[in-house]
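**Student:** Per the numbering used here, residue 88 is the first one in the sequence shown, and the count goes up by one each step. Think of the CB as a built atom: it goes at the ideal place given N, C-alpha and C, for glycine as much as any other residue.
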Amino acid sequence: MLDWRTSASPEILKLRAWMLAEIRRFFAEREVLEVETPILDTSSVTDVHIQSFEIGAETNSLQQALFLQTSPEYAMKRMLSADSGAIYQICKAFRREERTQQHNPEFTLLEWYQPGYSMQALMD
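#1: Have a look at S139 and L196 and give me their C-alpha separation to the nearest angstrom.
#2: Any chance you could list the beta strand (DSSP E) runs of at least 3 consecutive residues sitting entirely within the segment 168-195, in chain order?
#3: Helix or strand or just coil, what does DSSP make of E98?
#4: With a cut-off of 8 Å, do at least 3 Cβ pairs link the segment 95-108 to the segment 152-162?
#5: Does the Cβ-Cβ distance between R182 and I137 come in under 8 Å?
#6: Contact defined as beta carbons within less than 8 Å: I believe T129 pairs with M163. What is the distance between those atoms, to the nearest angstrom?
#7: Please list, in chain order, all residues of the same chain as W199 whose beta carbon is under 6 Å from its beta carbon, the five residues on each side excluded.
#8: How would you call F114, buried or exposed, if buried means at least 16 neighbouring beta carbons within 10 angstroms?
#9: Does DSSP classify I110 as helix, strand or coil?
#10: Quick check on DSSP: helix, strand or coil for E145?
In structure tokens form, the structure reads like this:
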């Protein structure tokens with residue numbers, strides 16, 4: 088029998104929502120801009136150790152392969168090069184890896200860039 092229920096309890100869902108709100112509050116207080124980048128792109132990741140999901144050309148109207156993004160890094164760095172200032176993104180990312188208790192091919196990722204900050208300044 089198919090179990091349609093989510094594996095996350097209502098308490099976990101509420102905790103996740105609270106955590107995301109706190110992250111957004113943290114960045115808002117520091118005037119870091121929340122951005123959103125495309126999940127689909129015509130290019131894949133350049134890291135040879137990360138595998139992306141490909142959507143074949145025959146399945147989309149663009150008539151070319153598309154890839155689910157493994158990270159918003161490239162698109163966000165393009166924003167940085169256009170003088171966006173400090174930016175962050177909370178988004179879904181996709182990696183073609185095994186599914187285990189610790190790994191899911193689809194996951195939520197936080198990416199943050201603070202131009203002009205050293206690693207120590209970021210940790211402080």
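**Tutor:** Here's the rundown:
#1: Walking along the sequence shown from the start, residue 139 turns up at place 52. Walking along the sequence shown from the start, residue 196 turns up at place 109. Rounded to the nearest angstrom, the two C-alpha atoms are 15 Å apart.
#2: 174-181
#3: Within the sequence shown, the letter at position 11 stands for residue 98. Of the three classes helix, strand and coil, the one that applies to E98 here is helix, per DSSP.
#4: no
#5: Residue mapping note: residue 182 aligns to position 95 of the sequence shown, counting from 1. Residue mapping note: residue 137 aligns to position 50 of the sequence shown, counting from 1. Yes; because the gap between Cβ atoms is below 8 Å, this pair is in contact.
#6: Along the sequence shown, read from residue 1 onward, the residue named residue 129 stands at position 42. Along the sequence shown, read from residue 1 onward, the residue named residue 163 stands at position 76. Going by Cβ atoms, the distance from T129 to M163 rounds to 17 Å, so no, they are not a contact pair.
#7: On the sequence shown, residue 199 is found 112 positions in, with the first residue counted as 1. Only Y175 meet the Cβ criterion.
#8: By one-based count along the sequence shown, residue 114 stands at place 27. Buried, since its Cβ has 16 or more Cβ neighbours within 10 Å.
#9: In the sequence shown, counting from the first residue as 1, residue 110 sits at position 23. Helix, per DSSP.
#10: Taking the sequence shown and counting its residues from 1, one reaches residue 145 at position 58. Helix at E145.
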